[in-house]
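This report refers to the structure that appears directly beneath it.
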Amino acid sequence: MLDIISESFFINGVFAILIASIVTAPLGSMMVWNRLSYMGDSIAHSSLLGVGVATVLQMDASFTVLVVALILAVIISFVIDKVHSIDAVLNIMTSVVMSVGMVLLSFIPSSGERIIHSLFGDILMISSGELVQMLCISLVGVCVIIYRWKYWVSVSISYDLFLSTGISPRRIKMEILIMSALAVVLFSRSVGILLVTAFLIIPASGARLLSRTPAQMVMVSMALSVISGIVGLMLSVRFDTFPGPMTIITSFFLLVLAHVLSKK
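Heads up: the sequence shown begins at 471 in my numbering, then just goes up one per residue.
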């Protein structure tokens with residue numbers, strides 16, 4: 471076990487978790503506060519279309535996934551306040567877009583393995599070049615979050631008070647959803663598009679139980695993300711399973727522990 475932990479692929483996986491948690495912690499907190507988790511889930515699942523397009527056109531999947539995720543984020547932000555059954559619209563849209571992605575992938579005979587890795591991820595296969603790419607995306611995300619943080623917190627605390635600023639709440643939700651699209655690209659390779667929203671939401675939900683201020687919630691969420699990520703990696707190596715699902719399971723147990731501690 472110690473030999474595997476010292477291997478470069480494991481170290482790259484740990485660095486990937488550390489880099490991504492810088493963005494996923496504050497973003498996950500915002501999604502929990504504004505009840506946007508199901509919208510982020512739709513963006514993540516629908517990104518399978520980006521994988522399908524990349525496979526057919528032999529392009530970089532990160533680029534096509536980002537494009538699809540951004541388009542869906544903008545569409546959702548525009549229709550969220552204009553339809554009565556937004557959950558039904560999101561379910562229909564997600565199902566159709568995912569189906570189109572699966573159909574595109576079915577045209578490629580050898581795409582089975584790529585589908586599995588897209589759905590469940592494989593953080594242990596991340597290269598040094600992909601780490602640099604993740605770092606660049608994270609730095610962009612951190613800059614945006616710092617610049618817009620006070621507005622995001624304001625709309626989360628008091629919707630009516632935020633209206634007095636003259637800034638459209640729809641714009642704020644669009645910003646958060648667009649950042650969710652960046653998170654999908656950031657973490658789709660590691661935990662997979664099916665589980666990326668869970669990695670955003672579960673640590674933030676646990677942190678909410680243990681925190682009193684927004685800043686505390688972000689820091690605790692970051693700590694829970696890193697712990698669940700590293701423990702998930704170690705367990706996946708030990709039991710030879712997918713790292714993504716193991717990370718989410720670990721994160722869930724930390725959420726349960728946070729719930730128990732919050733009751734004391």
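Don't be surprised by glycine CBs; every beta carbon is placed ideally from N, CA and C.
Does the distance from the C-beta atom of residue i to that of residue j stay below 9 Å?
{"i": "V549", "j": "V535", "result": "no"}
{"i": "L589", "j": "L519", "result": "no"}
{"i": "S691", "j": "P673", "result": "yes"}
{"i": "A495", "j": "S695", "result": "yes"}
{"i": "A728", "j": "A677", "result": "yes"}
{"i": "S569", "j": "P684", "result": "no"}
{"i": "V614", "j": "M649", "result": "yes"}
{"i": "L679", "j": "S597", "result": "no"}
{"i": "P715", "j": "L665", "result": "yes"}
{"i": "G591", "j": "I663", "result": "yes"}
{"i": "L542", "j": "S516", "result": "yes"}
Who are the Cβ neighbours of residue i in its own chain at under 6 Å, not counting the five residues just before and after it?
{"i": "A490", "result": "L656, F657"}
{"i": "V526", "result": "L574"}
{"i": "N504", "result": "S626"}
{"i": "L705", "result": "M716"}
{"i": "I578", "result": "T525"}
{"i": "I794", "result": "Absent from the model: residue 794. The displayed extent of the chain is 471 to 734, so no value can be given."}
{"i": "S681", "result": "M687, V690"}
Just verifying my parser: in three-state terms, what is the DSSP assignment at residue i?
{"i": "L725", "result": "helix"}
{"i": "L506", "result": "coil"}
{"i": "Q528", "result": "coil"}
{"i": "G699", "result": "helix"}
{"i": "K552", "result": "coil"}
{"i": "K620", "result": "helix"}
{"i": "E477", "result": "coil"}
{"i": "K643", "result": "helix"}
{"i": "G520", "result": "helix"}
{"i": "T683", "result": "coil"}
{"i": "D557", "result": "helix"}
{"i": "I719", "result": "helix"}
{"i": "G498", "result": "helix"}
{"i": "F709", "result": "helix"}
{"i": "G483", "result": "helix"}
{"i": "L536", "result": "helix"}
{"i": "G599", "result": "helix"}
{"i": "F669", "result": "helix"}
{"i": "D511", "result": "helix"}
{"i": "F657", "result": "helix"}
{"i": "G571", "result": "helix"}
{"i": "I663", "result": "coil"}
{"i": "S608", "result": "helix"}
{"i": "S638", "result": "coil"}
Suppose the cutoff is 7 Å on Cβ atoms and the five residues either side in sequence are ignored; what does the same chain contact list for residue i look like?
{"i": "S675", "result": "V502, L725"}
{"i": "T667", "result": "S507, G510, D511, A514"}
{"i": "A531", "result": "G520, V521, A524"}
{"i": "G571", "result": "L518, L519, V521, G522"}
{"i": "R618", "result": "E645"}
{"i": "L488", "result": "V696"}
{"i": "S547", "result": "R640, K643, M644, L647"}
{"i": "F533", "result": "none"}
Counting only the same chain and skipping the five closest in sequence on each side, list residues whose C-beta sits under 8 Å from that of residue i.
{"i": "F480", "result": "I474, L594, L703, V707"}
{"i": "D557", "result": "Y508"}
{"i": "I492", "result": "S608, G611, V612, M692"}
{"i": "T711", "result": "L705"}
Run the proximity test for residue i: is its beta-carbon closer than 8 Å to any non-hydrogen atom belonging to the ligand GDP?
{"i": "S624", "result": "Inclusion of the ligand GDP in the displayed structure is not the case, the ligand content being empty and no account of it being possible."}
Taking one C-beta from the stretch 563–575 and one from the stretch 510–517 each time, how about it: are there three or more such pairs within less than 8 Å? Contact between the stretch 563–575 and the stretch 510–517 is present: three or more C-beta pairs spanning the two stretches fall below 8 Å.
Tell me whether the stretch 716–724 and the stretch 598–606 touch, counting them as touching only if at least three CB pairs, one residue from each stretch, are closer than 8 Å. As far as the Cβ criterion goes, the stretch 716–724 does not touch the stretch 598–606, which means the pair count is below three.
Can we say the stretch 479–487 touches the stretch 696–715, given the rule of at least three CB pairs closer than 8 Å? Touching, yes, given that three or more Cβ pairs across the two stretches are closer than 8 Å.
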